[in-house]
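*Asks:* This structure is in structure tokens; I'll ask about it shortly.
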Amino acid sequence: MAELRPLDRNPYYVQHFESLDAALGRPQLVGIGISGCVGVGIFVTSGALIAIAGSLGAVLCYIIAGGVSACVLYTLTDMVACRPITGSLIDLPHTFLDPAWGFAVAASYTLANICSMATLTAQSAELTALLRGDKKNSLGTEVGINFLFIGLTAISHCLGVKVVMWFKLLLFVLVCIFMLIINVGGGGPRTGPYNGNYTSNAFTPGFKPTGFDSTSTPFLRSSSVEDSQFGMGGAGGRLFAFLTALAFCMFSCMGGEMVAMTAGEAKAPYKDIPIVMSFVYVVPLSLYPLMMLSAGTNVNYADPDLPKLWSAGVGSIPKSPFVIAIEHSSLHGLPVALNLFFVISGYTAANTALYVASRTVFVLAQQYLPRRYADVLGRTNNGHTPLAAIGLCSILGLLSLVGLSQYAYSQPRITLSELYTGTLACIYICECCTFLKFKAGLERLSKQRILSRNDPLYIERLFRSRWQPLPTYVGIIGCSFVILWSGITPLYILAARGSLTSTTNLKSAAALAFDVIGAYIGPLLFATFYLVYKYVTPRSFSVDIRDLTPSHYVLEDVNASDQKYPEDAERNASTATDHVYRNDSQAFELESPVDNRFSAGTVSRARASVDLHGQHNEHMSPDMQDEIEARRARDEERHRVKDILLGRPKRLERGFWREAWSLVW
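For the sequence shown, counting from 1, position 607 maps to 607 in UniProt numbering; every step adds exactly one.
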């Protein structure tokens, strides 16, 4: 007998009882979100933003990029609150758009997190060299450190270690305090060539790929000049530099969606997921501009120690703007300590990326892959840990070794980070489009008076994002810009490179080509995954809005869905699907084809007549009977949904401050 296609078979967990433990409380969920969102981007590579756009330009970049990311996560929270199951990020487009979109998200998100893990591991290993000097580690040392980090990450997940957020939140505060002390002169006299004039030049005078070596306005042209004079000046150059920095800093603002992937592992998903997701994107994205402002008041865009993305460099390690500020003060012991903290921050972010990647592979195997792969990658051990998925992702994490290249600033690592950004931007756009279908289905149910986003019960028990669909469109437009613009800057440099009189200080043509590939390979792979699944094998069809029922929005029993209690697995196996998804083929027809033909009064009188005589009126038309049955079905659905929601806990029922404290302790 031929094997059933993934779309035709029952969910894998219904037959094999595979599941992940529902063991995560609020602090653990917040730790996953913040650890995934906060790595080395804001602490180290943010210096490149200052070099490109200036101190104030970098702050504005984080405000705008953070706003775009917040709009996407705000929209995502609305949907995840309805369906907080394992792999919600995949389940939502699968359920409301098309199974092919779900597969594209699953495959792309796995790839993105593996690239993120490799990038963060490589950069953390590179930063260890700053603990003893400014020179890079030897090749053997770098390889050993990479293997050590990947091994520790894999072992920690196999043992079930959870991530907490205290370290990174305190690091935020500590860095800001140090920057304030230095700015007011508490760090002693400043040294170095740029020990003043930190705030009078808020923006760079233009766009210069090799970086500025002074604050004076240079003469910049795009052809027939040396690379030291290559660039764009004036207002156009400033705008070009700002847009380039804006697309670049999106890498630091992504990662909050990790909570959605682990929603099914929460102890109280309906109560915890909405507030946790809100905290995860509001707090870091609010602190990013403040941290960037504290760095910008102490470091000038012309500082030679700042990383230059398109410069050939001299083989030195790019430094954090916070470390540069401290090195120019009299606090000589702090740079090593800060670099150690940044290494830990990068490693823990890589750790979280592996955690989420393994969960994505677990869901991908169960939902989409053939049975022979699902039996391996979709399995867990007796402790409900997906060891095979963790092992596969750990092996793929060895991509971090490609960062050991001869290019300055590790070009392969930069390419992997660009791939991550482009891929995640596609996923964000997909989730925003999913919300438009999600909202349209709810509006249809609202017209039938079954379920409404404006109902107080919906707002209290679930989550309603305001001002929709404006945040959704902001997310779509912002992420589309990131995808399109990310490759424009290296394309411009690559096109103009041949007309320059010298290119000694610029990246090689091969490195620039990899910048372009990294920018666009993620969206290309995302589209390929979708097209292959939809039109080649196994093929799928878009979800019709008329097929969206109340059961898609109000799940009856999440525990039955994810099999969170192993002792009840056998009892729930035959009913898990029916508990969560009503069997549409046996459901009442909720909408009559002649809804507008009869008034409510006519139907009420007809229904009263039926109830009074105990039988149908001989003169009642078939259309009238269909309308009465549809009304009755809608009433039953409305009461069923109301009963389910009344059994859910209220959000923020203990008051704001107690709820906020529960997130961190």
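The beta-carbon is built from N, C-alpha and C at its ideal position, and this holds for glycine as well.
1. Have a look at residue 55 and residue 201 and give me their C-alpha separation to the nearest angstrom.
2. Let me know the secondary structure DSSP gives residue 460 once reduced to three states.
3. Span of the alpha helix (DSSP H) holding residue 234?
4. Determine the DSSP secondary structure at residue 206, reduced to helix, strand or coil.
5. With 16 other CB atoms within 10 Å as the buried threshold, where does residue 180 fall?
6. Measuring CB atoms only, is the region 369-378 touching the region 74-84, in the sense that at least three cross pairs come out at less than 8 Å?
7. Drop a sphere of 10 angstroms on the beta-carbon of residue 214, count the other beta-carbons inside from all chains shown, and report buried for 16 or more, exposed for fewer.
8. Would the beta-carbon of residue 93 fall within 7 Å of that of residue 434?
9. Suppose the cutoff is 6 Å on Cβ atoms and the five residues either side in sequence are ignored; what does the same chain contact list for residue 471 look like?
10. Secondary structure at residue 222, three-state DSSP: helix, strand or coil?
11. Given a threshold of 16 other Cβ atoms within 10 Å of its Cβ, counted over all protein chains shown, does residue 354 qualify as buried or as exposed?
12. Tell me which same chain residues have a C-beta within less than 7 Å of the C-beta of residue 258, skipping the five on either side of it?
13. Could you pull out every residue in the same chain whose Cβ sits closer than 7 Å to the Cβ of residue 614, ignoring the five residues on either side in sequence?
14. Helix, strand or coil: which one does DSSP assign to residue 329?
15. Round the Cβ separation of residue 240 and residue 500 to the nearest angstrom and send it over; I've been treating them as touching at under 8 Å.
16. What residue range is occupied by the uninterrupted alpha helix (DSSP H) comprising residue 357?
17. Over the uninterrupted alpha helix (DSSP H) stretch that includes residue 631, give me the two end residues.
18. Compare the C-alpha of residue 319 against each of 515, 128, 58 and 117 and name the closest.
19. Using 10 angstroms around the beta-carbon of residue 622, count the other beta-carbons present and answer buried if the total reaches 16, otherwise exposed.
20. Please determine if the region 338-351 and the region 96-109 are in contact, where contact requires at least 3 C-beta pairs separated by less than 8 Å.
21. Grab me the residues of residue 237's own chain with a C-beta within less than 7 Å of its C-beta, minus the 5 sequence neighbours each way, in chain order.
22. Going by the CB atoms, is the gap between residue 529 and residue 104 shorter than 7 Å?
23. Quick one: grab the DSSP three-state call for residue 43.
24. Return the Cβ separation of residue 277 and residue 69 in integer angstroms, given the expectation that the two are a contact with Cβ distance under 8 Å.
25. I'd like the list of long-range same chain contacts for residue 227, defined as Cβ closer than 7 Å, with 5 residues on each side in sequence excluded.
26. What does the Cβ neighbour count give for residue 284, buried or exposed, with the cut at 16 atoms within 10 Å?
27. In the DSSP assignment, find the alpha helix (DSSP H) that holds residue 481 and state where it starts and stops.
28. Skipping 5 residues on each side, what residues in its chain have a beta carbon closer than 6 Å to that of residue 527?
29. Quick check on residue 230: does DSSP put it in helix, strand or coil?
30. Closer than 8 Å by C-beta to residue 59: which residues in its own chain qualify, once you throw out the five before and the five after it? Chain order, please.
31. In whole angstroms, what is the alpha-carbon distance linking residue 453 and residue 494?
32. Quick one: is residue 224 buried, meaning 16 or more other Cβ sit within 10 Å of its Cβ, or exposed?
33. Specify, as a first and last residue, the run of the alpha helix (DSSP H) that residue 412 falls within.
34. Measure the C-alpha to C-alpha separation of residue 22 and residue 272 and round it to an integer number of angstroms.
35. Could you spell out where the alpha helix (DSSP H) holding residue 308 opens and where it closes?
36. Could you tell me the boundaries of the alpha helix (DSSP H) in which residue 35 lies?
*Replies:* Taking the definition as stated:
1. 8 Å
2. helix
3. 234-248
4. strand
5. exposed
6. no
7. exposed
8. yes
9. 71, 74 and 75
10. coil
11. buried
12. 32, 33, 36, 352 and 356
13. Legend: pLDDT at residue 614 = 48, less than 50; position of this residue unreliable, no value from coordinates given.
14. coil
15. In fact, because the Cβ distance is near 17 Å, the residues do not count as touching under 8 Å.
16. 334-367
17. 622-646
18. 128
19. exposed
20. no
21. 206, 207, 220 and 231
22. yes
23. helix
24. In fact, because the Cβ distance is near 12 Å, the residues do not count as touching under 8 Å.
25. 210, 500, 502, 503, 504, 505 and 506
26. buried
27. 470-485
28. none
29. strand
30. 289, 292, 293 and 296
31. 50 Å
32. exposed
33. 411-447
34. 12 Å
35. Careful: residue 308 lies outside any alpha helix (DSSP H) and carries neither H nor E.
36. 26-37
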